[in-house]
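Trainee: Residue 0 is where the sequence shown starts when you use numbering that gives the first Met the number 0, and the numbers rise one by one after that.
Every residue gets a Cβ at the ideal spot worked out from N, C-alpha and C, and that includes glycine.
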Amino acid sequence: MSEPVFSSILGHDAIVGRLQRTLSQDRPGHAWLFHGPEGVGKRTTALAWIQSLFCQQPVTLPAGLSGCGACLACGKCAEGNHPDLQRLELLEKKSRIAIDQVRELTRFIAFTPLESSWKAAIVDDAALMNDAAANALLKTLEEPPSGSLLILITNRPGALLPTIRSRCQQERFQPLESPVIETLLTRLTPKLSPEQRGEAARLATGSIGAAVRLGDSGGLELRQRFFRDLDALPDRSLAELVESAREWGEAERFSSVPELLETWFRERIRDSVLHGQSREVEAERWLETASRLVRLAREARIFNLNARLTLEAIFIRLARMRGVAY
Ligand SMILES: [Zn+2]
Numbered sequence: 000m001s002e003p004v005f006s007s008i009l010g011h012d013a014i015v016g017r018l019q020r021t022l023s024q025d026r027p028g029h030a031w032l033f034h035g036p037e038g039v040g041k042r043t044t045a046l047a048w049i050q051s052l053f054c055q056q057p058v059t060l061p062a063g064l065s066g067c068g069a070c071l072a073c074g075k076c077a078e079g080n081h082p083d084l085q086r087l088e089l090l091e092k093k094s095r096i097a098i099d100q101v102r103e104l105t106r107f108i109a110f111t112p113l114e115s116s117w118k119a120a121i122v123d124d125a126a127l128m129n130d131a132a133a134n135a136l137l138k139t140l141e142e143p144p145s146g147s148l149l150i151l152i153t154n155r156p157g158a159l160l161p162t163i164r165s166r167c168q169q170e171r172f173q174p175l176e177s178p179v180i181e182t183l184l185t186r187l188t189p190k191l192s193p194e195q196r197g198e199a200a201r202l203a204t205g206s207i208g209a210a211v212r213l214g215d216s217g218g219l220e221l222r223q224r225f226f227r228d229l230d231a232l233p234d235r236s237l238a239e240l241v242e243s244a245r246e247w248g249e250a251e252r253f254s255s256v257p258e259l260l261e262t263w264f265r266e267r268i269r270d271s272v273l274h275g276q277s278r279e280v281e282a283e284r285w286l287e288t289a290s291r292l293v294r295l296a297r298e299a300r301i302f303n304l305n306a307r308l309t310l311e312a313i314f315i316r317l318a319r320m321r322g323v324a325y
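(1) Say the cut is 8 Å; is the CB of G79 nearer than that to a heavy atom of ligand 1?
(2) Please say whether L184 and A210 have beta carbons closer to each other than 9 Å?
(3) Using DSSP's beta-bridge definition, name the partner residues of H34.
(4) Could you tell me the alpha carbon to alpha carbon distance between D99 and A132, rounded to whole angstroms?
(5) Assuming G68 and L22 form a contact by the criterion Cβ under 8 Å, report the distance between their Cβ atoms to the nearest whole angstrom.
(6) So, for A120: in the same chain, excluding its five sequence neighbours on each side, which residues have a beta-carbon less than 6 Å away from its beta-carbon?
(7) Return the residue from the list F110, R321, L175, P257 that minimises the CA-CA distance to L310.
(8) Measure the alpha-carbon distance for A289 versus R42 and round it to whole angstroms.
(9) Is the beta carbon of G197 less than 9 Å from the beta carbon of E181?
(10) Just reading off the alpha helix (DSSP H) that S23 is part of, what are its end residues?
(11) Please state if the CB of L60 and the CB of G40 are separated by a distance shorter than 9 Å.
(12) In this structure, does DSSP put S147 in helix, strand or coil?
(13) Any chance the CB of D50 is under 8 Å from a heavy atom of ligand 1?
(14) Who pairs with K138 in a beta bridge, going by DSSP?
(15) Using 8 Å as the cut-off, classify the Cβ of G68 as near or not near the heavy atoms of ligand 1, replying yes or no.
(16) Shortest alpha-carbon distance to A30 belongs to which of D123, T139, C167, L89?
(17) Excluding sequence positions up to five away, which residues of its chain have a Cβ less than 8 Å from the Cβ of L221?
(18) Starting from S165, follow the alpha helix (DSSP H) in both directions and report where the run begins and ends.
(19) Do L52 and G66 come within 9 Å of each other at the CB atom, strictly closer than that value?
(20) For A72, collect the residues of the same chain with a Cβ closer than 6 Å to its Cβ; drop the 5 residues on either side in sequence, then sort them by chain order.
(21) Nearest CA to the CA of R294: which residue from R269, G16, E37?
(22) Pick out whichever of A238, L219, S236, V122 has its Cα sitting closest to the Cα of W263.
(23) At which residues does the alpha helix (DSSP H) containing Q223 begin and terminate?
(24) From this set, P193, R164, L137, which residue's C-alpha is nearest P178's C-alpha?
(25) Could you have a look at L71 and say whether DSSP puts it in helix, strand or coil?
(26) Looking at C-alpha atoms only, which residue of L240, A306, R227 is the closest neighbour of G248?
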């Protein structure tokens, strides 16, 4: 049985409320920027909003209108084949969104809608547009066609042109609380045991996307292996380190590496401070390194960079921090 599309979005009540009110007032605006950490529900929220805009039988929830989740229009949006919705994403094996993709999108959005009274488009991740693509999109943002709704999504709003940011209404998404992640996991990965869900939620650093990946790949076991490999780095030869980077760089495993790395840093920094092994200055240095290396791993995942080489660099840095001279 399907439920109203906004009912399935948890943890972003204020944002969802604002979006629902734009529907009740029939004023969704033309250009929005949804930003915030990876995997917290920005794209799902954008889609639910567009479904609600296109829905043939919208329902009224306490905060405002919502797509019904059951009509033909809601279904077409969910399946990605509504003729008035286009999603612009990174093409396979590319590291940037190109100007041709943006030109196609701006042409699309200028046409008269076929089945709804709006044309809508989602650009995800908007920070992956190269400069030419971003400038092409800017023209549309400056003079949006009437009846058009464009939603840009990114976890790196600072990487967008300031002129693009300033032309969008912005919503900042926050990391999800662990209980929210556990609830979402019961729907998304019903096969996991409550213990596995709890573990995945704890490791996921506020991201439901990360929690699902961790659950799928056996979160607890994966974490134990990753932690064991990282803890053993100072005792490894360079050849063993390179081999370890190759293993963790394999696509399926690497998808969970940024969160695992973040959790590993968090626990090790906490342990060293608790056990007095580290002065505050030392902890500061680790925090700074942690944020840089986790960012490196995330960017490798976002930009489809070479995961093995990225991990080699990260592992070597970690080994050196602990006194190994390669
Ligand atoms: Zn509907």
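Mentor: Based on what the coordinates show:
(1) Checking every heavy atom of ligand 1 against the Cβ of G79, none is found closer than 8 Å.
(2) Yes.
(3) Residue pairing from DSSP places H34 in a beta bridge opposite T153, R171.
(4) Answer to the nearest angstrom: the Cα atoms are 8 Å apart.
(5) Rounded, the Cβ-Cβ distance is 15 Å, inconsistent with contact.
(6) Answer for A120: Q85, L104, I108, L149, listed in chain order.
(7) Measuring from the Cα of L310, the nearest candidate turns out to be P257.
(8) Using only the alpha carbons, I get a separation of about 27 Å.
(9) In this structure, the beta-carbon distance from G197 to E181 falls below 9 Å.
(10) First-last of the alpha helix (DSSP H) with S23: 12 to 23.
(11) Not a contact, by the Cβ cut-off of 9 Å.
(12) DSSP places S147 in the strand class (E or B) of the three-state scheme.
(13) One point to set straight first is that residue 50 is Gln, not Asp, in the sequence displayed. At least one heavy atom of ligand 1 is nearer than 8 Å to the Cβ of Q50, so yes.
(14) None, per the DSSP bridge assignment.
(15) At least one heavy atom of ligand 1 is found less than 8 Å from the C-beta of G68.
(16) Out of D123, T139, C167, L89, C167 has the C-alpha closest to the C-alpha of A30.
(17) Closer than 8 Å at the Cβ level, and outside the excluded window around L221, lie L213, R252, S255, L259.
(18) 161 to 165 is the extent of the alpha helix (DSSP H) around S165.
(19) In this structure, L52 lies closer than 9 Å to G66 by Cβ.
(20) Once the five neighbours on either side are set aside, the close Cβ partners of A72 are F53, C54, Q55.
(21) Of the candidates R269, G16, E37, the one whose C-alpha sits nearest the C-alpha of R294 is E37.
(22) It is L219 whose Cα lies nearest to the Cα of W263.
(23) It spans 218 to 230 - the alpha helix (DSSP H) in which Q223 sits, taken as one unbroken run.
(24) That would be P193, whose Cα lies nearest to the Cα of P178.
(25) Looking at L71 - three-state DSSP - the assignment turns out to be helix.
(26) Closest option to G248, Cα to Cα, is A306.
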